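Inspection log for the structure reproduced underneath, given as structure tokens.
Protein chains in written order, with this note's numbering: chain A, 210 to 506; chain B, 210 to 506.
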């Protein structure tokens, strides 16, 4: 299978490498507006051929994988629509789904039936194709959000491509996807960015940061994530994210009110609730408790 | 040196084990209101003798180490004051310092000169003496907050006890300590507790949590921390914590405002600020970048 990879960063490179390792992709044609990223991907053996543009990249491809920040995807879909083969499958790895489905519907016309929206729950704060790994998806969820118009054979091909990388595929409604990931991914990223800024901006910010321990390190790890990617995610999932942010701020308000009135009983109850839920959590598609590798996005 | 350990949990057990390994403590007398914790500590070889009460524990001790949640420390200081030897050193491992210094001054009278307030920046979400480790303090900061009344020989003994465990001792004013740790430790814990509650309390909370990835896992790890310990910390450092919480909420307000008006430029700038600071951070007393073990408290 000839794969056109549009966007040659950590996630795209990892997908190309994982699909190749599984025997799903035999040739990978790479395009990125940063031509050097494609060259590095070729040097790493993750990409076979550099394309000079979107049209050239997708022309002969059996499958087109969009792996840019989600904000760049609508324009890419518009650019590829008339060049992609009728029987090719187009898919993506975007962290938001509703907006991309609508953009694909608008851009692809009758080829929209061959668009399979997907979101692998894997990633890293590190970025660039030099940090890509063919094992990134092992034991991870890949959410697919097909519509009633999605062709079954196209969906099956993408599902088996991801299953071949050790991932577990979970179908979901695009709107439900966006609500769930607003809560468990987009909100934590915003909360970590905000906390990092609040601490750093204080009068003695750098002295404070010098004494930060492992709790701070883990809590803020996602604050090192790629700013462009997260700006796009935040804008694309704005409505659901504002809803989650509002709920989070209400919890912080309740906490601050309990602090203000010195209400140890209320604080203890809130902390116990949170601690109990967190201790019971399992992670990844195989329900591991702690200590798995990798990062979500 | 005969050490009286008051509070036999993860931190107390680790301190006793580390001080013993370094040759600082030769005999450890343990007391905890949970007698079973003392028995487990004896079985683990971390405690030598169980004391029936505070008076019995401290009577012959060269050093008394308070390792309970900070809320229990004022009463303990009151209980030990008339039984501790005049030349003994009393110290603690509490995460807040100003309140404890005041409680010690009130409880210990002329013996206050022999009280050395200390805070090792080490800990874990796991708790109980069975999770204690003699290596917990290796490469970690231990903050000491002596007053002008503190006896130099007492301070030196505690400093060298911690240095002997591989820790780096940093002296600091108690108020500055509380301000710094409100920012880099107490606020992140509150933020993680609040986010955990906000997500879990949603209509489909448990379905959301099923798909949480490694970012959520790391961000919320500290939300599994001991609720009683953190209630005490929050109450003891209420003023500084409310100030930090107010700054954090202002950052979240700014973020939500940028989202509401769809201002990608502002979002990008905020995320870039945070990401840049986070990427430049070093952790622990030796300035390791990432991947060190253990957790702060």
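Note that the Cβ used here is the ideal one computed from N, Cα and C, for glycine as well.
The structure presented is a predicted model; accordingly, all values stated were derived computationally and were not measured.
Close beta carbons around residue 229 of chain A, own chain, < 6 Å, minus the five adjacent residues each side: Within the same chain, and ignoring the five residues on either side of residue 229 of chain A in sequence, no residue has its Cβ closer than 6 Å to its Cβ.
Run through DSSP, which three-state label would residue 356 of chain B get? In the displayed model, residue 356 of chain B falls within coil according to three-state DSSP, outside both helix and strand.
Using a Cβ cut-off of 8 Å (strictly closer), state whether residue 487 of chain B contacts chain A. At least one C-beta of chain A is nearer than 8 Å to the C-beta of residue 487 of chain B.
I'd like to check one pair, residue 224 of chain B with residue 406 of chain A: are the Cβ atoms closer than 8 Å? At a Cβ-Cβ threshold of 8 Å, residue 406 of chain A and residue 224 of chain B do not count as neighbours.
Could you check the C-alpha separation between residue 386 of chain A and residue 331 of chain A for me, to the nearest Å? Going by C-alpha positions, residue 386 of chain A is about 15 Å away from residue 331 of chain A.
List the residues of chain E whose Cβ lies closer than 9 Å to the Cβ of residue 350 of chain B, in chain order. Annotation note: the requested chain E is absent from the structure, which comprises protein chains A and B.
Apply the 10 Å Cβ neighbour rule to residue 358 of chain B and answer buried if 16 or more other Cβ atoms are within range, or exposed otherwise. Under this definition residue 358 of chain B is an exposed residue.
For a contact defined as C-beta to C-beta under 9 Å, what are the partners of residue 473 of chain A on chain B? Going along chain B in sequence order, the residues near residue 473 of chain A (Cβ under 9 Å) are 280, 440, 441, 443, 444.
Would you say residue 469 of chain A reaches chain B, if we count a Cβ-Cβ gap shorter than 8 Å as a contact? At least one CB atom of chain B sits nearer than 8 Å to the CB of residue 469 of chain A.
Under a Cβ-count criterion, where at least 16 other Cβ atoms within 10 Å of its own Cβ denotes burial, should residue 311 of chain A be classed as buried or exposed? Looking at its Cβ environment, which holds fewer than 16 other Cβ atoms inside 10 Å, residue 311 of chain A is exposed.
Just to confirm before moving on: does the CB-CB distance between residue 325 of chain B and residue 297 of chain B stay below 8 Å? When the beta-carbon positions are compared, residue 325 of chain B and residue 297 of chain B stay at least 8 Å from each other.
Which two residues bound the contiguous alpha helix (DSSP H) that contains residue 417 of chain A? Unbroken alpha helix (DSSP H) run through residue 417 of chain A: 414-419.
Short Cβ contact (8 Å threshold) for residue 237 of chain B with residue 220 of chain B: Contact annotation: residue 237 of chain B and residue 220 of chain B have beta-carbon atoms that are not nearer than 8 Å.
Assuming residue 454 of chain B contacts residue 461 of chain A (C-beta within less than 8 Å), just tell me the rounded distance between them. Contact holds; Cβ gap of about 7 Å.
Inspect the CB distances between the segment 350-368 of chain A and the segment 401-415 of chain A and report whether three or more fall short of 8 Å. Output reads no: the segment 401-415 of chain A does not touch the segment 350-368 of chain A.
Using a C-beta cutoff of 8 Å, does residue 242 of chain B count as contacting chain A? With 8 Å as the cut-off, residue 242 of chain B does not count as an interface residue toward chain A.
Find the nearest neighbour of residue 511 of chain A within the set A/339, A/259, A/231, judged by alpha-carbon distance. Since the displayed chain A opens at 210 and closes at 506, residue 511 of chain A lies outside it and no answer follows.
Can you say whether residue 435 of chain A is buried or exposed, counting buried as having 16 or more other CB atoms within 10 angstroms of its CB? Of the other Cβ atoms in all chains shown, 16 or more fall within 10 Å of the Cβ of residue 435 of chain A; this residue is therefore buried.
Under 8 Å between C-beta atoms, does residue 464 of chain A make it to chain B? Residue 464 of chain A counts as touching chain B.
Go through the segment 264-317 of chain B residue by residue and report every complete run of the alpha helix (DSSP H) that reaches 4 residues or more, in order. As for any alpha helix (DSSP H) of minimum length 4 sitting wholly inside the segment 264-317 of chain B, the runs are 282-289, 307-317, ordered along the chain.
Other residues of its chain near residue 346 of chain A: CB distance less than 8 Å, five sequence neighbours each side excluded: Non-local C-beta neighbours of residue 346 of chain A in its own chain, meaning closer than 8 Å and more than five positions away in sequence, comprise 223, 224, 227, 329, 331, 371, 374, 375, 376, ordered along the chain.
Residue 215 of chain A, DSSP secondary structure in three states: Residue 215 of chain A: strand per DSSP, three-state reduction.
Can you tell me the Cα-Cα spacing of residue 335 of chain B and residue 384 of chain A, whole angstroms? Each residue's alpha carbon lies about 37 Å from the other.
Below-8 Å beta-carbon distance, residue 400 of chain B vs any chain A residue: Closer than 8 Å: yes.
Between which two residues does the alpha helix (DSSP H) carrying residue 453 of chain A extend? Here the alpha helix (DSSP H) through residue 453 of chain A covers 447-469.
Cβ of residue 210 of chain A less than 8 Å from any chain B Cβ? So no, residue 210 of chain A is outside the interface.
Is the segment 468-475 of chain A touching the segment 292-309 of chain B in the sense that three or more CB pairs, one from each, lie closer than 8 Å? At 8 Å Cβ cutoff, the stretches do not touch.
Work out the CA separation of residue 319 of chain B and residue 489 of chain B for me, nearest whole Å. Spanning the alpha carbons of residue 489 of chain B and residue 319 of chain B requires a straight line of approximately 46 Å.
For a contact defined as C-beta to C-beta under 8 Å, what are the partners of residue 431 of chain A on chain B? What residue 431 of chain A touches in chain B: 424, 427, 428.
Between the alpha carbons of residue 411 of chain A and residue 380 of chain A, how many angstroms are there, rounded? Rounded to the nearest whole angstrom, the C-alpha separation of residue 411 of chain A and residue 380 of chain A is 44 Å.
Closest residue to residue 440 of chain A among B/388, B/481, B/264 (Cα-Cα distance): With distances taken between Cα atoms, residue 440 of chain A lies closest to B/481.
Check this for me: beta carbons of residue 288 of chain A and residue 323 of chain A, under 8 Å apart or not? Not closer than 8 Å, so no.
Would you please verify whether the beta carbon of residue 223 of chain B is less than 8 Å from any beta carbon of chain A? Using a CB distance cut-off of 8 Å, residue 223 of chain B does not count as an interface residue toward chain A.
At the 8 Å Cβ level, is residue 480 of chain B part of the contact set with chain A, yes or no? Yes, its Cβ sits closer than 8 Å to a Cβ of chain A.
Any Cβ of chain B within less than 8 Å of the Cβ of residue 226 of chain A? Residue 226 of chain A does not count as touching chain B.
For the beta strand (DSSP E) that residue 378 of chain B lies in, which residues bound it at each end? Counted as a single uninterrupted DSSP element, the beta strand (DSSP E) harbouring residue 378 of chain B occupies residues 377-380.
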